[in-house]
Structure formats: C-alpha cells, structure tokens
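Presented below is the structure to which this report refers.
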Amino acid sequence: MKLKKPFKSHSRKLKVIFGVLAGFTCLCLFPLNGVQAKEPGAVSSASRGLKVGVVDLNAVFEKYEKRKAFDTQLKEQEKQYQKIIADKKKELVSLNEKIQLLDLGGEVRKKEEENFEKKNIELESYAKFAEKNLAKKYKDYFERLYTEVCKEIEDIGKREQYDLIIKKEEPELHSGGIAELQFKVGIKTVLYHSDAVNITNQVLDNLNKKYSEVSKGK
Numbered sequence: 011m012k013l014k015k016p017f018k019s020h021s022r023k024l025k026v027i028f029g030v031l032a033g034f035t036c037l038c039l040f041p042l043n044g045v046q047a048k049e050p051g052a053v054s055s056a057s058r059g060l061k062v063g064v065v066d067l068n069a070v071f072e073k074y075e076k077r078k079a080f081d082t083q084l085k086e087q088e089k090q091y092q093k094i095i096a097d098k099k100k101e102l103v104s105l106n107e108k109i110q111l112l113d114l115g116g117e118v119r120k121k122e123e124e125n126f127e128k129k130n131i132e133l134e135s136y137a138k139f140a141e142k143n144l145a146k147k148y149k150d151y152f153e154r155l156y157t158e159v160c161k162e163i164e165d166i167g168k169r170e171q172y173d174l175i176i177k178k179e180e181p182e183l184h185s186g187g188i189a190e191l192q193f194k195v196g197i198k199t200v201l202y203h204s205d206a207v208n209i210t211n212q213v214l215d216n217l218n219k220k221y222s223e224v225s226k227g228k
C-alpha cells in the first residue's frame, strides 16, 4: 500500500503570487484634475503646474499592519489543516501496518484494504479542499487590502489636489534567465522620482492609523 502525498504547503507560492499581483494590478493612475476643476475655487493644473505623486505598493503591503494580522490568521488556519492531514496520514500508516500482518487473500484483509482505500481517498479529498480554501482566502483578503489601499491613495489625491499618482516598482533584477529579467524590467514603471513626490509613507501611516483605531474599537 503506497501513501500518496496529496497536500503541499502553498504559503510560499502564494506569497510570491501576492507580491507579483501587488506589483502588477495597482497601476494607480488617478487623473484627478478633472474632478477638482468642478469644485468652486479649485485651481486648474495648467495654472499651478502638474502635481504628481508615486507610491511603492510593495512597501505599503509589506508594512500594513492589517496585512500582517491577516497573514497570522491564515498561517494559523494552514497549521490546523496540516495537523488534521498529518493525523489522517498517521492513521493510514497504522492501518497499512495492520494489513501487512493479515493473511493474503483473507476476508479480513480484504475488508481492511477496502477501508484503507476509502480513507486514502478521503485524505486526498480533504487535502484538496484545504489547499483550495486557503488559496481562496489569500485571494479574497488580497482583494480587500488592494481595494483599501487604492481607496486611500485616491482619497489623498482628491484631498490634496494631485493630478496623477503612479505606483512605483523596485523589482529584484537578479534572475534565472533572460525571460525573467525582461519581465522584471518590464514591470518597472518609474525610472526616477525625487523624494518630494514619494507619498508611500503618508499612505501607509494613514492606513495603519485607521486600522489601529478600528482595532481599539473592537
């Protein structure tokens, strides 16, 4: 009787996906001058000059306290799944050892082998369920965080009359091959910016402050 390995931890893989999505999805371009021009007393971008900001999304997601809390919850859920799967595997190993001591072709052995196959299928099904459920939770919580971050950036843009806010990307260029290097170079959207236009810390401070206030209110 061979035990299959139906379950693998995907937390590292999901973190990689999470980082790539953070770099790819939020090309936060908020053309806000049209909105501001409709407000009484608003100054047009032509008269005051174009106001641009940049945000390092990877840094925001990495240091956002709410993301850290979510990560802790999901890692705990993953540990629970892994424990249940490990217990089921131990049960199968024990049952397999019992089967080896039974007479070949015997009725008792046949029933135990059928029981083994049933439990093995249950293990595989549970492992797939756990993997799928974790992947969905990672996806759902990333989407919520992404929405919150982009909403905060948009609020800052409107409040402080930015014309454009762009996400910056600092990919690690050490790569395994030319294709990977070309991909990383391709996702770098800002080649240079002065510190004066970097509003990453402002976005992060606002998000963490709001999260802290909500957490204290619970």
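Going by the numbering used here, the sequence shown opens with residue 11, and the numbers climb by one from there.
Yeah, the Cβ is synthetic: ideal placement off N, Cα and C, and Gly gets one too.
Counting every other CB atom within 10 Å of its CB across the protein chains shown gives Arg77 a total of 16 or more, marking it as buried. Between Leu102 and Phe126, the beta carbon gap of about 7 Å places them in contact (Cβ cut-off 8 Å). As summarised for the segment 120 to 179, the continuous beta strand (DSSP E) elements at least 3 residues long and confined to that stretch are 174 to 178, given in chain order. For Asp81, the enclosing alpha helix (DSSP H) begins and ends at Glu75 to Gln110.
Between Tyr74 and Glu134, the alpha-carbon positions lie close to 36 Å from each other.
Under the three-pair Cβ rule at 8 Å, the segment 154 to 168 counts as touching the segment 206 to 220.
Within the model, the alpha-carbon separation for Ser222 versus Leu67 is close to 20 Å.
Per DSSP, reduced to three states, the secondary structure at Val200 is coil, with no helix or strand assignment. Your pair Asn211 and Val64 does not check out as a contact, with CB atoms roughly 12 Å apart and the cut at 8 Å. Under a 10 Å Cβ-count criterion, Lys121 is classified as exposed, with fewer than 16 other Cβ atoms of the shown protein chains found around its own Cβ.
In the three-state reduction of the DSSP assignment, Gly63 falls in the strand class, which pools E and B.
Below 8 Å, enough C-beta pairs join the segment 139 to 153 and the segment 83 to 99 to call them touching: three or more. Our two residues, Leu144 and Ala137, have alpha carbons roughly 11 Å apart in a direct line. A distance of 8 Å or more separates the beta carbons of Thr157 and Ile176.
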